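Report on the following structure.
Residue numbers (our numbering): 533 to 678.
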């Protein structure tokens with residue numbers, strides 16, 4: 533979910549200070565959660581600012597330009613494996629990523645892995661292997677009496 537705009541945040545602070553209304557009333561009036569109002573007011577008291585907190589987690593390894601290169605790769609060779617995409621992207625951009633990261637990047641771009649359907653025409657007519665003849669094992673005499 534996207535963060536609320538700073539304009540709305542400032543407006544909420546302004547109304548809260550001017551009108552002396554409760555946090556619950558303010559939340560109901562602007563159709564936001566009470567938790568958002570509480571967190572916003574706490575941040576405003578502590579820092580004096582209304583900017584949203586930075587998003588947690590590591591920054592993406594691929595820049596928007598790198599993602600564009602990946603999209604070009606997918607259009608050029610859509611049948612590549614994940615490992616091939618990783619290798620070709622590294623050759624083009626110099627950024628090395630894992631196959632797991634490649635899956636996430638492809639999902640971010642809106643791609644999914646599609647398996648080709650196998651139809652009767654594509655199946656081998658003789659898809660069963662012949663079973664080799666069984667070999668008869670001989671047991672030592674000491675085991676024959678068991």
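Note that CB positions come from ideal geometry on N, CA and C, so glycine has one too.
On a predicted model such as this, the values are computed, not experimentally measured, just so you know.
For residue i and residue j, what's the separation of their Cα atoms in angstroms?
i, j, result
"residue 515", "residue 644", "This structure cannot settle anything about residue 515, because the visible part of the chain is limited to 533 through 678."
"residue 559", "residue 587", "23 angstroms"
"residue 576", "residue 601", "41 angstroms"
"residue 583", "residue 611", "44 angstroms"
"residue 542", "residue 632", "41 angstroms"
"residue 609", "residue 589", "32 angstroms"
"residue 685", "residue 585", "As displayed, the chain neither begins before 533 nor continues past 678, which places residue 685 out of reach and without an answer."
"residue 551", "residue 579", "22 angstroms"
"residue 547", "residue 619", "55 angstroms"
"residue 603", "residue 553", "51 angstroms"
Report the CB separation of residue i from residue j in whole angstroms; it is logged as a contact under 8 angstroms.
i, j, result
"residue 540", "residue 555", "Not a contact, Cβ separation roughly 15 angstroms."
Consult DSSP for residue i and reduce its assignment to one of helix, strand or coil.
i, result
"residue 596", "helix"
"residue 539", "helix"
"residue 563", "coil"
"residue 604", "helix"
"residue 632", "helix"
"residue 619", "helix"
"residue 569", "helix"
"residue 612", "coil"
"residue 557", "helix"
"residue 577", "helix"
"residue 641", "coil"
"residue 534", "coil"
"residue 591", "coil"
Measuring alpha carbon to alpha carbon, tell me which residue in the options is nearest residue i.
i, options, result
"residue 596", "640, 550, 534, 569", "640"
"residue 563", "549, 630, 551, 544", "544"
"residue 568", "547, 553, 535, 546", "535"
"residue 635", "624, 594, 623, 626", "594"
"residue 605", "590, 625, 589, 591", "625"
"residue 614", "542, 637, 589", "637"
"residue 622", "598, 570, 574", "598"
"residue 592", "609, 603, 574, 627", "627"
"residue 642", "619, 607, 630, 546", "607"
"residue 549", "573, 537, 561", "573"
"residue 537", "590, 581, 552", "581"
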